[in-house]
Structure formats: C-alpha cells, structure tokens
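Numbering-wise (the UniProt record's numbering), the sequence shown opens with residue 1 and increments by one.
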Amino acid sequence: MSFINDNFMISNARGVALYRDVAKELPIIDYHCHLVAKDIFENKPLENITELWLAGDHYKWRAMRANGIDEKYITGSATAEEKFAAWAETVDASYGNPLYHWTHLELHHYFSCDEPLGSHNWREIMERCNRLLQQPDFTPRELIKRSKVEVICTTDAPLDDLRYHQLLRDDATFNVKVLPTFRPDDVFTPDAHQFADFTDRLAELTGRSIHALSDFAAALGERIAWFHDMG
Numbered sequence: 001m002s003f004i005n006d007n008f009m010i011s012n013a014r015g016v017a018l019y020r021d022v023a024k025e026l027p028i029i030d031y032h033c034h035l036v037a038k039d040i041f042e043n044k045p046l047e048n049i050t051e052l053w054l055a056g057d058h059y060k061w062r063a064m065r066a067n068g069i070d071e072k073y074i075t076g077s078a079t080a081e082e083k084f085a086a087w088a089e090t091v092d093a094s095y096g097n098p099l100y101h102w103t104h105l106e107l108h109h110y111f112s113c114d115e116p117l118g119s120h121n122w123r124e125i126m127e128r129c130n131r132l133l134q135q136p137d138f139t140p141r142e143l144i145k146r147s148k149v150e151v152i153c154t155t156d157a158p159l160d161d162l163r164y165h166q167l168l169r170d171d172a173t174f175n176v177k178v179l180p181t182f183r184p185d186d187v188f189t190p191d192a193h194q195f196a197d198f199t200d201r202l203a204e205l206t207g208r209s210i211h212a213l214s215d216f217a218a219a220l221g222e223r224i225a226w227f228h229d230m231g
C-alpha cells in the first residue's frame, strides 16, 4: 500500500479544503528550474527513466555521492540500468529526505506506480517507466501540459543566444511561456583563462571593445536587456 495519497502531508480538514478548493487546480509558475529550452522545443521522447531523472539533477547526484556511490554510476560511463540501480539504492537510504518523497510522488502521479522504489524492485519499476515513456503523452511538452504548467523560467548563461526561447515563443501550438533567467556564474569564475575567453566572446557577441570595467559592465547590460526582451 502506498503512503502517497490525495492528502499526502496534509494533516487536518482545513488543509485538505485549502488544497482541494484552492491550490489543486492552480497552474505552476516555475521561477527556477533546470529544464532546457532546446529539449522542450524539439520535444523528443525521453529514452528512459534514467535520462528523465538522473541526466541533470544535481540534487540526486549529491545524494548518491553522500551514499558512497562511485562517480561512474552518477555522471560517469555506467549504463542507464546501472545508474538507475544506484539511484534506487540511494532512495533506500533517503527516507526523510525530500528526494524520497519527490521520487514517489512522481511515480504515483505520472507512472501510476505506488510501490516504494528500492534495491529489491528497481528493475521492475524501471521497465514499467521506460515502457510508459514511449507513449505519446510522455513527451517533454505533454508532461509539461499535464502538470498544468503556465510559466517555466530556465537557467541560462549570459552568452546563451536564447534561440530556442524565441522559437518557443513563436510556436502557436505550445501555450506555455518558457522564459530565460540571467545566471552570470561565468562572470565570477576564478580561472583567468576562462574569464578571458568569456570576455572575448562577450565582446564578439555584443560588437563592443572591452578594455575597461565600464566596457565590461555595459556589455553585460546589453545582454541583460536581451534577456529582458525575451521575457
């Protein structure tokens, strides 16, 4: 019997009423995520549950490292099956961590699977999820629509051209807003060579000569304005 139900983590009648009458049907407006605009635009079916869950989720990666999993099975050369088995082993050790609850909420909501994932049943659950992921209603766009998402804010570097955001904005068949957010990690890199390369690319992209801090700031301001124009 699943511990995930319609009133999961709601312990009183008022909470149930607020969820069912107010929150349940509200759209999702996601101000920060790690979805990629290109993946949403191309809408290619996901190959397997490992790609969906583990290809870019640094929260899961950190949990796996804390559980002593070798990096080969996290971001390394292990097969999709091996990586999923390693994640299932970590889920076994993650009770009380939000990742444990998120994993089982997703299994329940999207895959109609109410069995707790663990080392004893990882293959059965993996194969079930992989079969469903080949269905037309499991493409990236369909999953987004089924989740009642209204706005997605992706995480983007200052030099990203935002081409796929523009293509999505112009796509009349997809009414979810996919907006870029400006994440200037590259501006603060301590590596001199990387910073020099970033500055050269920034100058080329903006058509500016960058010889002083004021030039650098002006070029970044131009990129921020472009992000703003894109949503």
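Every residue gets a Cβ at the ideal spot worked out from N, C-alpha and C, and that includes glycine.
- By the Cβ-count criterion, residue 189 is exposed, with fewer than 16 other Cβ atoms from all chains shown falling within 10 Å of its own Cβ.
- Per DSSP, residue 69 is not a residue of any alpha helix (DSSP H), being assigned neither H nor E.
- Per DSSP, residue 150 is one residue of the beta strand (DSSP E) stretching across 149-156.
- With fewer than 16 other Cβ atoms from the protein chains shown falling within 10 Å of its own Cβ, residue 175 counts as exposed.
- With a beta-carbon spacing of about 4 Å, residue 4 and residue 108 fall inside the 8 Å limit used to define contacts.
- Remark: C-beta atoms of residue 54 and residue 24 do not approach each other more closely than 8 Å.
- The alpha carbon of residue 97 has as its nearest neighbour, out of 64, 171 and 30, the alpha carbon of 64.
- In the three-state reduction of the DSSP assignment, residue 190 falls in the coil class.
- Inter-residue distance for residue 113 and residue 102 is about 13 Å (C-alpha atoms, whole angstroms).
- Remark: C-beta atoms of residue 48 and residue 143 do not approach each other more closely than 8 Å.
- Proximity to residue 224 across 37, 215, 159 and 198 peaks at 159, based on C-alpha coordinates.
- Here the region 170-184 lies against the region 29-44, with 3 or more beta-carbon pairs under 8 Å apart.
- Taking C-beta separations shorter than 7 Å and ignoring five residues to either side along the sequence, the partners of residue 72 in its chain run 78, following chain order.
- In the three-state scheme derived from DSSP, where H, G and I count as helix and E and B as strand, residue 91 is classed as helix.
- DSSP places residue 177 in the uninterrupted beta strand (DSSP E) bounded by 177-182.
- Residue 28 counts as exposed, since fewer than 16 other C-beta atoms from the protein chains shown sit within 10 angstroms of its C-beta.
- In the DSSP assignment, residue 125 is bridged to no other residue.
- Between the C-alpha atoms of residue 185 and residue 194 there is a straight-line separation of about 12 Å.
- Under the three-state reduction of DSSP, residue 224 is assigned to helix.
- Residue 201 places its beta carbon 8 Å or farther from that of residue 219.
- Membership of residue 40 in any beta strand (DSSP E) is not indicated; the residue belongs instead to the alpha helix (DSSP H) covering 37-42.
- Restricting attention to 126, 199, 169 and 178, the CA atom closest to the CA of residue 86 is found in 126.
- Boundaries of the alpha helix (DSSP H) around residue 49: 49-54.
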